[in-house]
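Residue numbers (UniProt numbering): 1 to 549.
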């Protein structure tokens with residue numbers, strides 16, 4: 001077949017399938033097809049070896065380098081970074097694993113005659129950052145193909161996927177990262193008729209497709225077997241609505257984590273109104289940084305009764321003003337709501353959350369941190385939460401919130417530290433969760449606090465010595481602490497059962513802040529600052545002195 005014949009066939013095919021509809025695909029016509037045509041013409045012009053770039057004769061492969069060099073064997077390639085065009089007969093291949101991976105200068109490839117021996121195209125074109133098109137997929141027998149994982153990952157010049165239109169994906173089960181970081185991919189119309197009925201994993205399938213504006217072509221996809229949609233549309237910055245997803249059967253999806261994370265243009269989620277989310281356990285980071293999302297009423301009917309994780313779910317959703325749509329959510333199994341609405345700067349009230357059942361919750365830490373417009377938090381007065389949860393910083397940077405309805409009074413002012421065995425009587429204490437250590441004092445002065453109920457910890461500080469590294473052994477799996485220095489530097493998210501070193505700490509006074517420190521008479525205090533606890537330091541020291549003696 002000559003190049004002229006190819007163009008004639010291509011034109012007829014386009015006309016027949018109406019692929020270049022000006023009403024819907026003007027960008028596709030302007031950006032993609034002419035670019036492919038340009039590269040095909042250049043490829044044919046540089047070909048000095050075969051009858052045509054489509055007819056290799058006795059050769060299996062034709063490779064064109066940047067300087068125009070023609071090669072007919074991969075063994076002759078000394079620098080894969082200089083390859084710009086490839087035409088290859090793949091009929092003899094038994095594996096396409098990372099076949100063209102990291103050919104960073106590859107513009108276009110003609111890949112023909114893939115046989116049914118191939119079961120996976122894992123990372124086949126991963127990192128081909130200048131690839132604009134793959135020609136010849138209509139000749140592939142993919143009846144036994146079960147994985148397309150990362151096939152076009154990081155193909156940042158790929159504008160559309162027309163060449164994949166007729167690809168048989170009926171037996172594919174894994175589409176993880178298929179178009180991950182295809183920055184230029186603007187539409188997925190060619191995938192309209194894909195049979196995805198056997199796919200179970202769509203994790204990061206379109207992640208960071210920053211130009212993707214329209215996914216309506218996916219409306220007839222049968223996703224009923226998919227169990228993982230984590231990060232599927234993460235980073236789709238141009239996506240404004242989710243038209244096309246209305247009829248998706250997502251009843252078997254167990255994890256929606258980060259599904260629309262980093263979609264700042266997304267303002268319309270009405271397509272999700274009828275989604276059956278009853279099988280899901282993970283919602284973490286689902287709408288993080290959806291800055292244009294204001295109306296969340298389409299989510300009001302969602303069945304979240306099996307969800308356990310809502311961490312960072314609506315972080316940075318700067319347009320959400322109220323949460324009434326979530327009033328009927330059954331969150332009784334949710335364990336983690338850390339930073340769930342953090343930086344929702346337009347949120348004014350928490351009305352709608354009054355009846356939430358948080359019987360399984362372990363942390364609401366920083367849940368409304370940065371909600372600078374928040375004024376009314378009275379809805380939380382009805383919350384009946386376990387004593388063991390952490391709520392540190394729940395209203396940080398909420399200037400108009402004057403009272404934390406989750407904070408209760410100390411039951412016994414005279415026994416603020418009961419159930420703690422203090423091995424050293426001169427411990428500097430600024431609060432039930434603080435231990436201030438001055439690095440010039442005798443290092444054994446504050447060595448141990450042990451025998452805390454619920455095995456919270458067996459020691460806070462193992463040894464602190466001036467001019468030496470500082471080590472913390474913190475036992476009790478699941479517990480969290482942070483280290484703060486008087487230079488305002490903070491090291492956080494350290495957990496029990498680990499050992500940590502700080503080699504720059506010896507110049508500063510330190511504070512060890514313990515979260516989830518379950519103390520009988522301070523059961524409502526989830527984290528503490530040096531201003532949270534009365535009586536004063538001297539009174540506390542006196543009480544401790546009397547207690548130990």
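Backbone N, C-alpha and C fix where the C-beta goes; we use that ideal spot for every residue, glycine too.
Residue range of the unbroken beta strand (DSSP E) whose run includes residue i
i: residue 135; result: 133 to 135
i: residue 89; result: 83 to 89
i: residue 269; result: Per DSSP, residue 269 belongs to no beta strand (DSSP E) and is neither H nor E.
i: residue 212; result: Taken as a continuous stretch (DSSP letters only), residue 212 belongs to no beta strand (DSSP E), as it is neither H nor E.
i: residue 111; result: 108 to 112
i: residue 311; result: Looking at the DSSP string, residue 311 is not in any beta strand (DSSP E), and its letter there is neither H nor E.
i: residue 63; result: 61 to 65
Cα-Cα separation between residue i and residue j, rounded to whole angstroms
i: residue 157; j: residue 182; result: 7 Å
i: residue 405; j: residue 309; result: 23 Å
i: residue 470; j: residue 377; result: Its pLDDT being 42, under 50, residue 470 is placed unreliably by the model, and nothing is read from it.
i: residue 246; j: residue 202; result: 17 Å
i: residue 281; j: residue 400; result: 34 Å
i: residue 304; j: residue 331; result: 6 Å
i: residue 341; j: residue 93; result: 51 Å
i: residue 173; j: residue 242; result: 24 Å
i: residue 137; j: residue 277; result: 36 Å
i: residue 358; j: residue 108; result: 55 Å
i: residue 197; j: residue 139; result: 22 Å
i: residue 37; j: residue 364; result: 56 Å
i: residue 252; j: residue 389; result: 30 Å
i: residue 284; j: residue 336; result: 9 Å
i: residue 244; j: residue 42; result: 38 Å
i: residue 381; j: residue 315; result: 23 Å
i: residue 72; j: residue 313; result: 53 Å
i: residue 102; j: residue 385; result: 52 Å
i: residue 56; j: residue 263; result: 45 Å
i: residue 287; j: residue 91; result: 44 Å
i: residue 88; j: residue 60; result: 6 Å
i: residue 218; j: residue 188; result: 8 Å
i: residue 296; j: residue 224; result: 24 Å
i: residue 192; j: residue 234; result: 21 Å
i: residue 46; j: residue 64; result: 7 Å
i: residue 268; j: residue 185; result: 21 Å
i: residue 34; j: residue 273; result: 39 Å
i: residue 391; j: residue 356; result: 16 Å
Selected residue, minimal CA-CA separation from residue i, among the options
i: residue 134; options: 337, 123, 162; result: 162
i: residue 116; options: 100, 84, 167, 130; result: 167
i: residue 122; options: 136, 151, 106; result: 151
i: residue 220; options: 180, 237, 248, 335; result: 248
i: residue 279; options: 302, 398, 197; result: 302
i: residue 125; options: 56, 97, 91; result: 97
i: residue 320; options: 335, 344, 56; result: 344
i: residue 212; options: 288, 225, 179, 314; result: 179
i: residue 260; options: 392, 232, 51; result: 232
i: residue 177; options: 184, 204, 165; result: 204
i: residue 215; options: 49, 266, 289; result: 266
i: residue 289; options: 300, 258, 271; result: 258
i: residue 350; options: 63, 370, 375, 339; result: 375
i: residue 112; options: 120, 171, 141, 184; result: 141
i: residue 371; options: 347, 170, 207; result: 347
i: residue 398; options: 383, 369, 391; result: 369
i: residue 311; options: 355, 334, 356, 145; result: 334
i: residue 146; options: 255, 171, 132; result: 171
i: residue 227; options: 175, 144, 100; result: 175
i: residue 127; options: 114, 100, 360; result: 100
i: residue 199; options: 148, 206, 186, 210; result: 148
i: residue 373; options: 396, 229, 361; result: 396
i: residue 361; options: 120, 307, 291, 255; result: 307
Nearest-angstrom Cβ-Cβ length linking residue i and residue j, presumed shorter than 8 Å
i: residue 323; j: residue 293; result: The Cβ separation is near 13 Å, so there is no contact.
i: residue 129; j: residue 104; result: 5 Å
i: residue 84; j: residue 66; result: 6 Å
i: residue 118; j: residue 54; result: 21 Å between Cβ atoms; not a contact.
i: residue 300; j: residue 325; result: 4 Å
i: residue 79; j: residue 49; result: Not really, about 19 Å apart at Cβ, beyond 8 Å.
i: residue 238; j: residue 190; result: That pair is no contact at about 18 Å.
i: residue 339; j: residue 367; result: 7 Å
i: residue 236; j: residue 206; result: 6 Å
Proximity test, Cβ basis, 8 Å: residue i and chain D
i: residue 325; result: Absence of chain D from the displayed structure is noted, only one protein chain being present.
Original post:
If you scan the region 141 to 191 from start to end, which runs of the beta strand (DSSP E) of 3 or more residues do you find wholly inside it?
Top reply: none
Subject >> Runs of alpha helix (DSSP H) wholly within the region 376 to 401 (minimum 4 residues, chain order) >> reply: none
Original post:
Which runs of the beta strand (DSSP E) spanning at least 3 residues fall entirely within the region 238 to 270, listed in chain order?
Top reply: none
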